[in-house]
Amino acid sequence: MNYENLYQTLQPQEKSVKDSLASLQKLFKAASRETESGDIKSLTRDIGSMAEAALALSSALEDIKDNLGSFDTKTYFESGDFAAQMLEACQEKGVDVRGDFPVYEMFPYRVKLDTENQDVYLDRKKVQCMRPQSLVSTIQNGQEKLNKAPFNALTFAGELSDAYELAILKLKKNPESDIYLTSLYKFLAPMSRFRKDYDQQSFAFDLARLFISGIKETKNGKKFQFGPSRNSNKCIRILNADGKEEFLATIRFYQEQNLD
Numbered sequence: 532m533n534y535e536n537l538y539q540t541l542q543p544q545e546k547s548v549k550d551s552l553a554s555l556q557k558l559f560k561a562a563s564r565e566t567e568s569g570d571i572k573s574l575t576r577d578i579g580s581m582a583e584a585a586l587a588l589s590s591a592l593e594d595i596k597d598n599l600g601s602f603d604t605k606t607y608f609e610s611g612d613f614a615a616q617m618l619e620a621c622q623e624k625g626v627d628v629r630g631d632f633p634v635y636e637m638f639p640y641r642v643k644l645d646t647e648n649q650d651v652y653l654d655r656k657k658v659q660c661m662r663p664q665s666l667v668s669t670i671q672n673g674q675e676k677l678n679k680a681p682f683n684a685l686t687f688a689g690e691l692s693d694a695y696e697l698a699i700l701k702l703k704k705n706p707e708s709d710i711y712l713t714s715l716y717k718f719l720a721p722m723s724r725f726r727k728d729y730d731q732q733s734f735a736f737d738l739a740r741l742f743i744s745g746i747k748e749t750k751n752g753k754k755f756q757f758g759p760s761r762n763s764n765k766c767i768r769i770l771n772a773d774g775k776e777e778f779l780a781t782i783r784f785y786q787e788q789n790l791d
């Protein structure tokens, strides 16, 4: 199955609906004028034309209804056709994608396919979309919007540093210890309502922009470095300036020792 086939079928039928509606609207305006002026002959003619346009509209709507009814959305999802065509669209549009059915990552978005209910989740938001190309275009537009959004790497580094110092105290870690970024996120967004506005995917996107910026220290002179982990659940996947994936797990802030 392929939604694009249904899309191509529906296009001329939707045009018929549009044309019939336009004709009805035009005839209705004419009939209103004729009723007001008492032009019975023209009114009789135009009412007949409206009836014909209404029949054409009804026929086009029935055709659309029949085609929609013949498209088995459950099979479309369960067969893997939707997922396969989504991946094809990603390749065509140059959207980086990782993961396996039914969960994928299109940085910084997480896409989940709910085959039981034929729903698509973009992060935590349910998206009603049966057209893979449309879904990928939505994600691509979102990525472009995020990339264009203003970002101050130094400011973000300072916010990370403040959260890091709090984490050191709360987690009873030694100064300059490595802290998991996934743990640090909870100090940046300590309350659930904050995490709704600033989720982990947004955090990952900001980490990527900080990583790409090349900045290695905060305004107050504290240096920082990212670190890896063997625990994949603790790693945050980002894309570097070349569009290649990197995995960041920890960060530590430290004061460089003066050897003089």
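Everything in the sequence shown is counted per this note's numbering, starting at 532 for the first residue and increasing by one.
The beta carbon of each residue, even a glycine, is placed where N, CA and C say it ideally should be.
As the structure is a computational prediction, the values presented were derived from the model and not from experiment.
Using a 10 Å radius around the Cβ and a threshold of 16 neighbouring Cβ atoms, would you call residue i buried or exposed?
i	result
alanine 694	buried
isoleucine 571	exposed
threonine 749	buried
alanine 614	buried
serine 551	buried
Would you kindly report the start and end of the unbroken beta strand (DSSP E) that includes residue i?
i	result
tyrosine 640	640-645
lysine 657	656-658
How far does the alpha helix (DSSP H) with residue i in it extend, from its first residue to its last?
i	result
phenylalanine 718	712-719
leucine 541	534-568
methionine 581	571-601
glutamine 674	663-679
Let me check one thing: in DSSP terms, what residues is residue i bridge-paired to?
i	result
leucine 779	Ile767
aspartate 650	Asp645
phenylalanine 757	Ile782
aspartate 773	In the DSSP output, where bridge partners are listed per residue, aspartate 773 has none listed.
tyrosine 635	Gly630, Val642
glutamate 748	Lys754
Rounded to whole angstroms, how far is the Cβ of residue i from the Cβ of residue j, which I believe are closer than 8 Å?
i	j	result
proline 633	glutamine 732	About 17 Å separates the two Cβ atoms, so there is no contact after all.
tyrosine 538	arginine 641	The Cβ separation is near 26 Å, so there is no contact.
alanine 698	serine 714	6 Å
isoleucine 746	asparagine 771	Contact flag wrong, Cβ pair sits at about 14 Å.
For this session: Pair every Cβ in the segment 663-673 with every Cβ in the segment 617-625, then say whether three or more of these pairs are closer than 8 Å.
Result: yes
For this session: Would you check if the segment 534-549 and the segment 591-610 touch, i.e. whether three or more CB-CB distances between them fall below 8 Å?
Result: yes
For this session: Evaluate contact between the segment 726-744 and the segment 671-685, counting only Cβ atoms and requiring at least three cross-stretch pairs below 8 Å.
Result: yes
Exercise. If you pair each beta-carbon of the segment 767-785 with each one of the segment 695-712, do three or more pairs fall below 8 Å?
Worked result: yes
Exercise. Is there contact here, the segment 599-610 with the segment 638-651, by at least three beta-carbon pairs under 8 Å?
Worked result: yes
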